[in-house]
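For the sequence shown, the positions run 1 to 258 when my numbering is used.
Glycine included, every Cβ here is placed at the ideal spot set by N, Cα and C.
What follows is a set of notes on a single structure, which appears directly below.
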Amino acid sequence: MSRTLNAWDKAKRESRKMTMITAYDVTSARLAEAAGIDALLIGDSLGMVFAGDPDTLRVSLEQMEYHTAIVAKAVTKPLVMADLPFGSFEDSPAQAFASCARLLKAGAQIVKLEGGAPMVETVSFLSQRAVPICAHIGLTPQHVRQIGGFKRQGKTPEAAAQLLEDALALADAGARMLLMEAIPAELAAEITAKVAIPTIGIGAGPGTDAQVLVLHDVLGLTPGSAPSFSKTYLDGASLITAALANFADEVRGGIFPT
Ligand code: KIV
1 MSRTLNAWDK AKRESRKMTM ITAYDVTSAR LAEAAGIDAL LIGDSLGMVF
51 AGDPDTLRVS LEQMEYHTAI VAKAVTKPLV MADLPFGSFE DSPAQAFASC
101 ARLLKAGAQI VKLEGGAPMV ETVSFLSQRA VPICAHIGLT PQHVRQIGGF
151 KRQGKTPEAA AQLLEDALAL ADAGARMLLM EAIPAELAAE ITAKVAIPTI
201 GIGAGPGTDA QVLVLHDVLG LTPGSAPSFS KTYLDGASLI TAALANFADE
251 VRGGIFPT
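Below, the structure is given as structure tokens:
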């Protein structure tokens with residue numbers, strides 16, 4: 001049972017690797033649960049993967065609430081984490097609390113927000129008000145227009161030192177988990193060793209406590225657009241296209257229905 005944050009804390013203490021995958025709908029949530037995945041992330045990546053946008057910026061809190069409720073009621077075993085979308089938390093800790101409350105009421109057990117040092121005060125405010133937070137640092141896709149693309153982070157010694165400082169400050173502020181995206185493996189491993197909370201990596205090497213990937217990338221449903229650090233475990237696009245073409249051929253050929 002990986003449903004509780006305590007189970008994740010225990011796994012870290014016991015050096016057991018944990019797994020997380022994105023889920024936006026009931027079918028994928030149930031498949032991931034059946035596969036024994038430890039946590040489901042209703043990520044704002046749904047703006048790109050589900051809605052076809054070029055980035056995650058258009059995702060609304062209402063959309064996150066909708067998908068969170070669907071996933072949360074579909075499963076009983078995995079931990080359910082939901083993203084705060086761009087524009088729903090940056091203004092003030094009070095704005096962040098109101099948005100988190102909506103995602104928790106929708107069924108999330110922990111809420112993820114993007115940002116380093118500027119979010120420390122907000123994380124502290126939320127953690128004192130019964131909101132479990134996962135802080136997301138490194139490549140933070142909501143900052144893509146400021147960064148100028150989906151670029152790896154923490155490459156210079158100064159940038160790496162800043163990320164380490166941010167991670168320690170966020171953990172001190174009460175974050176229950178830390179997600180690190182597209183940063184050097186050695187840095188992610190160093191941060192993992194220095195914080196007591198579970199770390200989750202994506203494109204951050206093997207040294208984090210858990211790994212997360214986007215389900216559609218894992219299943220090969222995003223050929224040509226999956227990030228290089230992801231791994232495809234199924235040629236889903238070819239298999240599904242072939243099955244659909246088969247259906248169309250049988251209908252056109254009078255084979256189905258009989
Ligand atoms: O939105 C998302 O799916 C994410 C993962 C890529 C970590 O934040």
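Asked, Found
"Report yes if the C-beta of Ile202 is less than 6 Å from at least one heavy atom of the ligand KIV; otherwise report no.", "yes"
"Quick one: residues in its chain with C-beta nearer than 6 Å to the C-beta of Gly267, no 5 flanking neighbours on either side, listed in chain order?", "Beyond the ends of the chain as shown, which are 1 and 258, falls residue 267; an answer cannot be given."
"Below 8 Å on the Cβ atoms is my contact criterion, and I expect Met64 with Ile110 to pass it. Report the Cβ-Cβ distance as a whole number of Å.", "Between Ile110 and Met64 the Cβ distance is about 13 Å, and since that is not below 8 Å, they are no contact."
"Per DSSP, His136 is paired with what?", "Glu114 and Leu179"
"Per DSSP, what kind of secondary structure is Thr199 in: helix, strand or coil?", "strand"
"Return yes when the Cβ of Val123 is within less than 7 Å of the Cβ of Ile133, no when it is not.", "yes"
"From the DSSP output, in three-state form, read off Thr192 for me.", "helix"
"Measuring only the C-alpha atoms, how far is Gly47 from Ala237?", "19 Å"
"Measure how close the beta-carbons of Asp55 and Pro141 come, nearest whole angstrom, since I'm counting them as under 8 Å.", "7 Å"
"Please list, following the chain, all residues that have a C-beta closer than 7 Å to any non-hydrogen atom of the ligand KIV.", "Thr22, Leu41, Gly43, Asp44, Ser45, Thr56, Asp83, Lys112, His136, Pro141, Leu179, Glu181, Ile202, Val212 and Val214"
"Under a Cβ-count criterion, where at least 16 other Cβ atoms within 10 Å of its own Cβ denotes burial, should Pro78 be classed as buried or exposed?", "buried"
"What are the boundary residues of the beta strand (DSSP E) that Ala39 is part of?", "Ala39 to Ile42"
"May I ask you to list the residues that DSSP assigns as paired with Gln211?", "Thr19 and Gly201"
"Please work out which residues of its chain come closer than 6 Å, Cβ to Cβ, to Arg58, disregarding the five sequence neighbours upstream and downstream, and give them in chain order.", "Gly47"
"Considering only the alpha carbon of each residue, which of Pro257, Gly115 and Pro85 lies closest to Val180?", "Position check: residue 180 holds Met in this sequence, whereas Val was assumed. Among Pro257, Gly115 and Pro85, the Cα nearest to that of Met180 belongs to Gly115."
"For Arg91 and Val26, what's the separation of their Cα atoms in angstroms?", "The displayed chain sequence assigns Asp, not Arg, to residue 91. Cα to Cα, the separation comes out at about 32 Å."
"Along the alpha helix (DSSP H) that carries Leu163, what are the first and last residues, could you check?", "Pro157 to Asp172"
"What's the C-alpha gap between Arg252 and Ala23?", "34 Å"
"Taking C-beta to C-beta, are Met20 and Ala167 nearer than 7 Å?", "no"
"I need the DSSP call for Asp83, collapsed to helix, strand or coil.", "strand"
"Do Ser99 and Leu261 have their beta-carbon atoms positioned less than 7 Å apart in this structure?", "This structure does not reach residue 261, given that the chain is present from 1 up to 258, and the question cannot be answered."
"Near Ala69, what residues of its chain come up, given a Cβ to Cβ distance below 7 Å and the 5 sequence neighbours on each side ignored?", "Ala106 and Gly107"
"DSSP three-state call for Gln128: helix, strand or coil?", "coil"
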